[in-house]
Amino acid sequence: MLRQVLKSKLYKAVVTDSIVDYEGSIEIPRDLMEAADLWPGEKVLVASIDTTARLETYVLPGEPGTGRILVNGGAANRIKQGERLTIMAFALSETPVEPVKLVLDAENRIVRAGR
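In my numbering, the protein residues as written are 20 to 134.
So this is what it looks like as structure tokens:
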């Protein structure tokens with residue numbers, strides 16, 4: 020039996036900008052994507068820690084080292100600049116998966132591994 024399990028998690032990511040007039044998605048710096056094992060185009064669940072808004076979208080790679088996390092398109096109507104997010108990706112597996120969990124600081128730098 021396949022189970023859907025957590026594969027990747029970025030916790031306390033801060034939205035640096037939200038742009039409604041842009042094709043939808045969430046832009047994450049490529050270095051954070053690599054550290055969290057996220058692929059361009061991968062589906063993610065985005066949950067606002069501040070407002071409890073939740074939505075699904077896909078990942079767009081951003082400029083590495085910038086710390087810029089942009090919420091674009093219709094999602095920008097629900098999640099705004101300055102909000103803290105949990106960004107999660109899931110996988111289907113027949114066996115347990117050890118997820119990559121990363122806690123970020125206010126500049127979206129990796130602080131430590133998550134629990």
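C-beta atoms are modelled at their ideal positions from N, C-alpha and C, and glycine is treated no differently.
Problem set entry | Where E46 falls: helix, strand or coil (DSSP) | Reduced to three states, the DSSP call for E46 is strand.
Problem set entry | Buried or exposed by the 16-neighbour rule on C-beta atoms within 10 Å, applied to T71 | So T71 counts as exposed.
Exercise. Which one or two residues does DSSP pair with R22 in a beta bridge?
Worked result: Residue pairing by DSSP places R22 opposite S112 in a beta bridge.
Exercise. At what residues does the beta strand (DSSP E) containing P80 begin and finish?
Worked result: Looking at the DSSP string, the run of the beta strand (DSSP E) that includes P80 is R73 to G81.
For this session: Kindly indicate if chain B contains any beta-carbon less than 9 Å away from that of R103.
Result: Absence of chain B from the displayed structure is noted, only one protein chain being present.
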